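A short worksheet on the structure shown next.
Protein chains: 4
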Amino acid sequence: MTTTPRRNERSRRAILDAALQLLSETGYPDLTIEAIAARAGVGKQTIYRWWRGKGAVILEALTDTAAEPAALPDTGDLRADLRTVIRATVAEFADPKLSATTRAITIETLSDEALAEQVRDQLLRPQLDSVKDRLRAGQAAGQARPGLDLDLTVELLFGPLYHRWLLRNGPLTEAYADDLVDLAMSAIAP
Amino acid sequence: MTTTPRRNERSRRAILDAALQLLSETGYPDLTIEAIAARAGVGKQTIYRWWRGKGAVILEALTDTAAEPAALPDTGDLRADLRTVIRATVAEFADPKLSATTRAITIETLSDEALAEQVRDQLLRPQLDSVKDRLRAGQAAGQARPGLDLDLTVELLFGPLYHRWLLRNGPLTEAYADDLVDLAMSAIAP
Amino acid sequence: MTTTPRRNERSRRAILDAALQLLSETGYPDLTIEAIAARAGVGKQTIYRWWRGKGAVILEALTDTAAEPAALPDTGDLRADLRTVIRATVAEFADPKLSATTRAITIETLSDEALAEQVRDQLLRPQLDSVKDRLRAGQAAGQARPGLDLDLTVELLFGPLYHRWLLRNGPLTEAYADDLVDLAMSAIAP
Amino acid sequence: MTTTPRRNERSRRAILDAALQLLSETGYPDLTIEAIAARAGVGKQTIYRWWRGKGAVILEALTDTAAEPAALPDTGDLRADLRTVIRATVAEFADPKLSATTRAITIETLSDEALAEQVRDQLLRPQLDSVKDRLRAGQAAGQARPGLDLDLTVELLFGPLYHRWLLRNGPLTEAYADDLVDLAMSAIAP
DNA sequence: GCCTAACCGAGACGGTACGTCGTGTCTTAAT
DNA sequence: ATTAAGACACGACGTACCGTCTCGGTTAGGC
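Protein chains in written order, with this note's numbering: chain A, 12 to 201; chain B, 12 to 201; chain C, 12 to 201; chain D, 12 to 201.
Right under this line is the structure:
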């Protein structure tokens, strides 16, 4: 029987808060463990003891805060509901403040396979799955083609969005969101 | 009359070559200016004199090497031609060796606006534009809807691909490429 | 209550030893912090943490080693005793090996006021004071004029010596030492 | 027959002037060839072509400026004349501005044998010799002992002075100068 | 008065060391 | 046993100068 780690919750919170603060202040590449420890009033060791690196800290900070599963509305109108979610995502990406954390975690993801899995499973999948569920309901309601590969379809909606955002390949506006949904819908609708 | 900067071409090549070598050996996060300079037999100052950081070096190395515009084939069959290009891109992303550089430059892109612009204009746009041209030809040939927003359509093809690759959201196989093209085509075709 | 600086004595010794070694090998101007750190198996930061520069390191190395107060003999014959000490100093200056450290610290002294004070108080003064004491005893014994300014008199003995050494203004031999003492004695004796 | 070097006098002057300026502004250890060249509006090569290093530049600047042989007065009173010259030297050393150059050249002297010789022959010896001449005249006039080693005697006068100055071993005042001369005179006078 | 070498300014180059920063580990003292 | 604090070995950072090396442009003899 393993002894439960006598972990200091006060320190944990201070570290996660400090990390998010510093992230928005200095940007991810300039974020350091040293600074987090100092800001949190915590020894560096305490961070290294419980996390594998700054990526892991940020990930926990994120999942800890935005833990809501973001259930998708079902108004009965598939196109409208997709508009709602795509518009929301576009808005989040367009806001430098909000997209900072996503950007941060995405960077780390690119060179840390293990972290990438966690991010995918804990942050990305829940979001995509809720859309997938809505699409499935749409199929049942006859608003989406029965044969659709739903995983692929979800990517058809979010992929272009991430692409434009990451590669800065164009403006992220509400009109863009609507156009994207409309184009995707022509592949989705029966 | 401004004096032409008497830059040493031999050094420039040595630096770019060394950068690409080291990139494939150690990966981007562990790539250092110091190592590039040592490998190239060059003073660090010579790198800092002409580039803003390792991101800029890699970018130039990339654009310098793969400068070919990658003209798209036009067999008359739009779907087949798109399959060709998407399959090729999937193959590139699936190969750890080849995708290392793209991954590298994408990382830097995420936190360097200026670099991002250069990457977009010199690497990304030429690729996307060639596909856009093919789509336009497809419209003329009646294989694509006349009203399509071609920029959006191109993103519809490549976005999901980047999304899956960056976020490791699924396998990158030839079958995936084909399914993606088929799904996109149902939004493209008249 | 201030926390005692938990300084690593092993590192301190390794640094001082390495510094003295390198000093005799390469000479002071070519002595670098980098080399000291490497030789000592120590991070550069550890040197910068505890010393202000290479001058300070050498000073501590010197005071740490040659901490003996060098008590002057008193045979009852003032002239003979002064000969002894001046001959010893001449011999030290004439030996390239031994004078290397003195030369080194003197260089740094010339452009570092704070260091100069430390050198004066910790290395120079003890030596001069022991001679001053001997002179005072000489006065009591009637071998030196009662009215002598002893500080000045000490400088009269050592000044010419340093002058000849620093400015390379003549040979540093035993005969020179004796002549110097004799000349000075004619100003000292009643 | 060697061709006369077609040296640019304008550049030479600019370099020497710049060197002296910078010396008084930044101090000798922070004086760089690079800065001299920039200040003088001259290529670095031009300096390296004609001098062996910053020590040599300063030396030439010094000998070029203070070329006056500084003939010693002979009022018939040896003690008074020595007071004059020692007071003047003390004053020079006490003035931070004036002593900067001497200090600079002395530093370089300590680790450059060849330069040391030049300094000794071109700057130091002329000064000492003029005092030596005065002492010789003093001997003829019966104000100095006939048997004196004049080289040693000169050092007896200047040595303590340099010692006090270099090692910062006490104040450099007019009273000090007078006391020093008086003490030395008691070794000089018959 | 022309020709042609040497000299000039400018500054890029391969290097070395600088002093700083952050890493991840280790040690200490205090809960 | 965990914590805050921070020293430690290490390695890269970006900068400053070093002394050497082209580059054109200019300048001063020798013809």
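For each residue, glycine too, the CB sits at the ideal point set by N, CA and C. All values reported here derive from a predicted model rather than from experimental measurement.
- One alpha carbon belongs to residue 50(C), the other to residue 115(C), and they sit about 19 Å apart.
- Along the segment 179-197 of chain B, going in chain order, the ones with a CB nearer than 7 Å to a CB of chain A are 179, 180, 181, 190, 191, 194, 195 and 197.
- Contact of residue 162(C) with chain D is assigned, a C-beta pair being separated by under 9 Å.
- With the rule of 3 Cβ pairs closer than 8 Å, the segment 91-108 of chain C counts as touching the segment 187-199 of chain C.
- Three or more beta-carbon pairs drawn from the segment 18-30 of chain D and the segment 50-69 of chain D are found closer than 8 Å, and the two stretches are therefore classed as touching.
- Residue 83(B) carries a coil assignment under DSSP once its states are collapsed to helix, strand and coil.
- Residue-level contact by beta carbon fails for residue 104(A) and chain B, as no gap is shorter than 9 Å.
- Residue-level contact check: residue 114(C) touches chain D, since one or more beta carbons of chain D fall below 9 Å from its beta carbon.
- Counting only the Cα atoms, residue 133(C) lies some 12 Å from residue 72(C).
- In the three-state reduction of the DSSP assignment, residue 43(A) falls in the coil class, being assigned neither a helical nor a strand state.
- Not flagged as an interface residue toward chain B: residue 94(A), since no C-beta distance is shorter than 9 Å.
- Counting along the chain, residue 62(C) sits inside no alpha helix (DSSP H), nor does DSSP assign it H or E at all.
- The Cβ of residue 98(A) sits no closer than 9 Å to any Cβ of chain B.
- Taking CB atoms only, residue 137(B) has no neighbour in chain A less than 9 Å away.
- Taking a C-beta distance under 9 Å as the contact criterion, residue 39(B) and residue 178(A) do not qualify as a contact pair.
- Residue 117(C) is a Cβ neighbour of residue 130(C), given a cutoff of 9 Å.
- Under the DSSP assignment, residue 133(B) falls outside any alpha helix (DSSP H); it carries neither an H nor an E label.
- Straight across, the Cα-Cα distance linking residue 149(C) with residue 190(D) is about 21 Å.
- Boundaries of the alpha helix (DSSP H) around residue 195(B): 185-199.
- Nearest CB-CB separation between residue 130(A) and chain B: below the 9 Å threshold.
- Taking a Cβ-Cβ cut-off of 8 Å, the neighbours of residue 122(C) in chain D comprise 38, 39, 40, 114 and 118, given in sequence order.
- Residue 115(A) carries a helical assignment under DSSP once its states are collapsed to helix, strand and coil.
- Sequence-distant partners of residue 143(D) (beyond 5 residues in either direction) whose C-beta falls short of 6 Å from its own C-beta, in its chain, are 161 and 165.
- Straight-line measurement puts the Cα of residue 76(D) at about 49 Å from the Cα of residue 84(C).
- Identification of chain C residues near residue 201(D) by a Cβ-Cβ cut-off of 7 Å yields none; the smallest Cβ-Cβ distance measures about 11 Å.
- Against chain A, a Cβ distance below 8 Å from residue 172(B) picks out 170.
- The beta-carbon separation of residue 46(A) and residue 54(A), rounded to 14 Å, does not stay under the 8 Å limit for a contact.
- Closer than 9 Å to the CB of residue 175(B) there is at least one CB belonging to chain A.
- In the displayed model, residue 182(B) falls within coil according to three-state DSSP, outside both helix and strand.
- A Cβ-Cβ separation of about 7 Å places residue 199(A) in contact with residue 156(A) under the 8 Å criterion.
- If you look at residue 101(A), you'll find it in the alpha helix (DSSP H) that goes 89-105.
- Per DSSP, reduced to three states, the secondary structure at residue 123(B) is coil, with no helix or strand assignment.
- At a cut-off of 9 Å, the C-beta of residue 127(A) has a neighbouring C-beta in chain B.
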